[in-house]
Amino acid sequence: MAHLARLTIGEEETEKFTSQLNDILGYMDILNKVDTAGIEPTTHAIDLTNAFREDTVKESMGTDVALANAPDEFGDCFRVPKVIE
Amino acid sequence: MKLNQLTIHELQKKLREGETTSLETTEALFERIKAVEERVNSYITLTEKSALQQAEHADTLIKEGKAGALTGIPIALKDLMCTKGVRTTCGSRMLERFIPPYDSTVVQKLRDDGAVFLGKTNMDEFAMGSSTETSYFGVTRNPWDLERIPGGSSGGSAVAVAADECIASLGSDTGGSIRQPAAHCGVVGLKPTYGRVSRFGLIAFASSLDQIGPFTKDVEDCAIMMNAISGYDPSDSTSVPADVPDYRDFLSRDIEGWIVGIPKEYFIEGIDPEISAAIEGVIKDVENLGGQCREISIPHTEYCVAVYYIVAPSEASSNLARYDGVRYGFRSDQGKDLMEMYKMSRSDGFGTEVKRRIMIGTYALSSGYYDAYYKKASQVRALMKKDFEKAFETCDVIVAPVTPTPAFKIGEKLDDPLQMYLSDIFTLSANLAGIPGISVPCGFTKGDLPMGVQFLAPHFGEGKLLQVAQACEKNSKIERRRPSL
Chain A
1 MAHLARLTIG EEETEKFTSQ LNDILGYMDI LNKVDTAGIE PTTHAIDLTN AFREDTVKES
61 MGTDVALANA PDEFGDCFRV PKVIE
Chain B
1001 MKLNQLTIHE LQKKLREGET TSLETTEALF ERIKAVEERV NSYITLTEKS ALQQAEHADT
1061 LIKEGKAGAL TGIPIALKDL MCTKGVRTTC GSRMLERFIP PYDSTVVQKL RDDGAVFLGK
1121 TNMDEFAMGS STETSYFGVT RNPWDLERIP GGSSGGSAVA VAADECIASL GSDTGGSIRQ
1181 PAAHCGVVGL KPTYGRVSRF GLIAFASSLD QIGPFTKDVE DCAIMMNAIS GYDPSDSTSV
1241 PADVPDYRDF LSRDIEGWIV GIPKEYFIEG IDPEISAAIE GVIKDVENLG GQCREISIPH
1301 TEYCVAVYYI VAPSEASSNL ARYDGVRYGF RSDQGKDLME MYKMSRSDGF GTEVKRRIMI
1361 GTYALSSGYY DAYYKKASQV RALMKKDFEK AFETCDVIVA PVTPTPAFKI GEKLDDPLQM
1421 YLSDIFTLSA NLAGIPGISV PCGFTKGDLP MGVQFLAPHF GEGKLLQVAQ ACEKNSKIER
1481 RRPSL
């Protein structure tokens, strides 16, 4: 699970997390008491349909601004460690 | 009364009549901040220099007769609303050095209105918490008892108002993060209807639940702030294109003939007896004001903690996937390759509670568990939404406690996340159903801790909330106390 979430969890932390997450997920079992057959899931509280707008060209942020918060940059690019051996 | 203690409407009057200036008030606030900040820690970043400039500019506008409602009013912002050129940390090491290139829509609106920004307030990391103990920038303390939590996640914004370190502030509420700290700190806090206030530039936690709202010293100020921040925004596709009333209009109306629902599921064993008694007092007040109180039922209430703590972490695990150490945010220099860099940056950049919720969400959304957790929770959420629709067919507003207990001690629940989650039981439903809720002070415990009462209304019923809250505030015999810091 930690790998899926792109996290590294230490040994001590793993133990603590496992027991806490077991408690929390165990508590979620309470939902099995509810009959939800045929109920459409709600993912949004307000009924909204797609919000469309005209596709107009506007000024964008600019490379300097976009790179201003980058931890590492090179020229006009974000620089990252090597991806493949 | 000192300048830093004024409400918005009191300060508006003094500014208009030339009795004081925004500059003088802003200076008084920074003096107060310097005097108490070491004890309460409500701010992460102070912007004194730009605030004084904004105040001077506001004074010019006022002299020229060009003042808007918030011109020259000093305000604090929770540190998850992007502010152009001012770092916005979200209470996290991940964003310790993040300087947004743009303003969030609410900040832009306040700026256009001539508000003065004092600084960015402390919060639980990424707004995940009920106590403002999980911030990378330290714990915020309750000004009524420094050993206790102020509530969370908008603890800094609540304390800044309660301790007179600002005139009003903005926070955000995903599961109670405005209403609960408002109750614990003895101030007014309102969570608007989902879609009433733009989320553009609000750092996302759970996008279907998050909503920005005000903390103020009284109900009238709350209406003034709602006027300033509400409205449709094309930059937020979930903001609702509906007309916004002038919320001040509701303040003078009475609640004669109103039906106020008392949900029986909210008055359960385990509520602190002093809180029960205070809520009963409010119910009597409502009846004295011509309202009729009637028992109602929100049948799925007992499931709200389980639903919320699946839905919110699921959305969070997806929203927080963007923090990869590449474009902005913390990057670890430990990773040998890209994958290791991602993992190390996220593991060192995020705190424990954030990682815990990312793990819950990742699990709930993973193939094989999706149906049992996320889908199931979304179905129960649909039933909860129906509960409220049905309830509001028979009543105007609902009255309920905000929290089961007064503010707890710092550290008390930090190692027991499930107990911490259960303390949110009375506030979560409003977010899941998207309805507005207000928390208003309703007295003090024998130990001198503030208590709050919550009113809930149907979608876009903020006016009703302000109307009933104002009626109760006027009628209540609660003396206006200030914490003795």
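Those sequence lines, one after another, are chains A and B. My numbering applies: residue 1 is where the first sequence begins, and numbers increase by one. My numbering applies: residue 1001 is where the second sequence begins, and numbers increase by one. Heads up, the beta-carbon is just placed ideally off N, CA and C, and yes, glycines get one too.
Residue i to residue j span [Cα, whole Å]
i          : j          : result
B/Ser-1230 : B/Ser-1198 : 7 Å
B/Arg-1481 : B/Thr-1007 : 14 Å
B/Glu-1037 : A/Ile-24   : 36 Å
A/Asn-87   : A/Lys-16   : Outside the shown range of chain A (1 to 85) lies residue 87 of chain A, about which nothing can therefore be said.
B/Thr-1238 : B/Gly-1434 : 12 Å
B/Gln-1419 : B/Lys-1376 : 23 Å
B/Val-1397 : B/Lys-1385 : 15 Å
B/Thr-1362 : A/Leu-4    : 7 Å
B/Val-1244 : B/Ala-1223 : 12 Å
B/Lys-1014 : B/Ile-1062 : 11 Å
A/Ala-66   : B/Ile-1358 : 27 Å
B/Lys-1284 : B/Lys-1474 : 14 Å
B/Glu-1019 : B/Leu-1202 : 36 Å
B/Leu-1289 : A/Met-1    : 55 Å
A/Ala-45   : B/Ile-1310 : 16 Å
B/Ala-1382 : B/Tyr-1370 : 17 Å
B/Val-1159 : B/Arg-1141 : 8 Å
B/Gly-1156 : A/Ala-37   : 43 Å
B/Tyr-1102 : B/Cys-1082 : 7 Å
Check whether residue i and residue j have beta carbons under 9 Å apart
i          : j          : result
B/Ile-1149 : B/Ala-1316 : no
B/Gly-1138 : B/Asn-1227 : no
A/Asn-69   : B/Ile-1099 : yes
B/Ile-1075 : B/Ser-1169 : yes
B/Ser-1297 : B/Ala-1391 : yes
B/Ala-1058 : B/Ser-1022 : yes
B/Gly-1171 : B/Ser-1177 : yes
B/Gln-1054 : B/Phe-1117 : yes
A/Arg-53   : B/Asp-1324 : no
B/Ser-1423 : B/Val-1282 : no
B/Asp-1218 : B/Val-1188 : yes
B/Lys-1464 : B/Phe-1250 : yes
B/Met-1128 : B/Gly-1349 : no
B/Lys-1446 : B/Glu-1274 : yes
A/Ile-84   : B/Ala-1306 : no
CA nearest to the CA of residue i, picked from the options
i          : options                                           : result
B/Ala-1204 : B/Lys-1474, B/His-1184, B/Cys-1090 and B/Asp-1103 : B/Cys-1090
B/His-1009 : B/Val-1106, B/Arg-1248 and B/Leu-1190             : B/Arg-1248
B/Pro-1143 : B/Glu-1125, B/Asp-1164, B/Glu-1133 and B/Met-1128 : B/Asp-1164
A/Lys-82   : B/Ser-1367, B/Gly-1335 and B/Tyr-1374             : B/Gly-1335
B/Gly-1257 : B/Thr-1088, B/Val-1354 and B/Arg-1294             : B/Arg-1294
A/Glu-40   : B/Asp-1424, B/Lys-1474, B/Ser-1378 and B/Gly-1261 : B/Ser-1378
B/Thr-1071 : B/His-1459, B/Met-1225 and B/Gly-1156             : B/Met-1225
B/Val-1106 : B/Gly-1349, B/Tyr-1370 and B/Pro-1214             : B/Pro-1214
B/Tyr-1043 : B/Thr-1121, B/Lys-1002 and B/Thr-1088             : B/Thr-1121
B/Ile-1360 : B/Thr-1088, B/Tyr-1373, B/Phe-1350 and B/Gly-1349 : B/Tyr-1373
B/Lys-1084 : B/Ser-1092, B/Gln-1108 and B/Glu-1064             : B/Gln-1108
B/Val-1161 : B/Lys-1446, B/Arg-1032, B/Val-1468 and B/Val-1402 : B/Arg-1032
B/Cys-1472 : B/Pro-1299, B/Gly-1452 and B/Gly-1461             : B/Gly-1452
Cβ separation of residue i and residue j, assumed to be a contact under 8 Å, to the nearest whole Å
i          : j          : result
B/Met-1123 : B/Ser-1135 : 6 Å
B/Glu-1147 : B/Ile-1410 : 6 Å
B/Ala-1206 : B/Ala-1321 : In fact, because the Cβ distance is near 14 Å, the residues do not count as touching under 8 Å.
B/Asp-1173 : B/Asn-1004 : B/Asp-1173 to B/Asn-1004, Cβ: 25 Å. No contact.
B/Ala-1278 : B/Gly-1443 : 5 Å
B/Lys-1066 : B/Pro-1436 : B/Lys-1066 to B/Pro-1436, Cβ: 32 Å. No contact.
B/Pro-1450 : B/Pro-1458 : Going by Cβ atoms, the distance from B/Pro-1450 to B/Pro-1458 rounds to 28 Å, so no, they are not a contact pair.
B/Ser-1439 : B/Thr-1301 : Not confirmed; about 18 Å, so no contact.
The alpha helix (DSSP H) enclosing residue i, as first and last residue numbers
i          : result
B/Leu-1418 : 1417-1422
B/Arg-1322 : Looking at the DSSP string, B/Arg-1322 is not in any alpha helix (DSSP H), and its letter there is neither H nor E.
B/Pro-1273 : 1273-1288
B/Val-1354 : 1352-1365
A/Tyr-27   : 11-28
B/Ala-1051 : 1048-1063
B/Lys-1120 : Where B/Lys-1120 is concerned, there is no enclosing alpha helix (DSSP H), although the beta strand (DSSP E) it sits in stretches over 1116-1121.
Residue i, enclosing beta strand (DSSP E) - first and last residue
i          : result
B/Ile-1438 : 1437-1444
B/Ala-1377 : It is not in any beta strand (DSSP E) - B/Ala-1377 instead sits in the alpha helix (DSSP H) that spans 1376-1391.
B/Gln-1292 : 1292-1296
B/Ser-1169 : 1168-1172
B/Gln-966  : Any property of residue 966 of chain B remains undetermined from this structure, which presents chain B solely from 1001 to 1485.
B/Pro-1192 : Careful: B/Pro-1192 lies outside any beta strand (DSSP E) and carries neither H nor E.
B/Lys-1078 : 1074-1078
B/Ile-1410 : Looking at the DSSP string, B/Ile-1410 is not in any beta strand (DSSP E), and its letter there is neither H nor E.
B/Gly-1213 : 1212-1216
B/Pro-1263 : 1259-1263
Proximal residues of chain C, C-beta to C-beta of residue i below 7 Å
i        : result
A/Asp-23 : Among the chains of the structure shown, chain C does not appear; the protein chains present are A and B.
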